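In this note's numbering, the protein residues as written are 122 to 204.
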């Protein structure tokens, strides 16, 4: 069986959560919309991934043209596995 939570404990928890929300909103900025920030961040991540994919295609074509592996192309240009 579940122990019931008293109304006072529930109200205290709600107050704690509201204080946390207020603090986070203050950190974010009073007139900033978190959803808009997240949406913009996702859009930028999509753009980054598209650019990275295009770069990988070009690296592959360069490797094929020069008869090297992509790993060798990365090495030739001083790129790490994280690039």
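C-beta atoms are modelled at their ideal positions from N, C-alpha and C, and glycine is treated no differently. The model shown is predicted, which means the values in this text are computed figures rather than measured ones.
Buried versus exposed, by CB contacts within 10 Å (16 or more), residue i
i	result
residue 135	exposed
residue 163	exposed
residue 133	exposed
residue 194	buried
Supposed close pair residue i, residue j - CB separation, criterion 8 Å
i	j	result
residue 140	residue 149	Not a contact, Cβ separation roughly 15 Å.
8 Å Cβ cutoff, residue i in contact with chain D
i	result
residue 157	Among the chains in the structure shown there is no chain D, since it carries only a single protein chain.
Spatially closest choice to residue i from the options, by CA coordinates
i	options	result
residue 177	198, 151, 142 and 191	191
ask   = Hey, which unbroken runs of the alpha helix (DSSP H) at 4 residues or more fall wholly within the stretch 123-168?
value = 128-149
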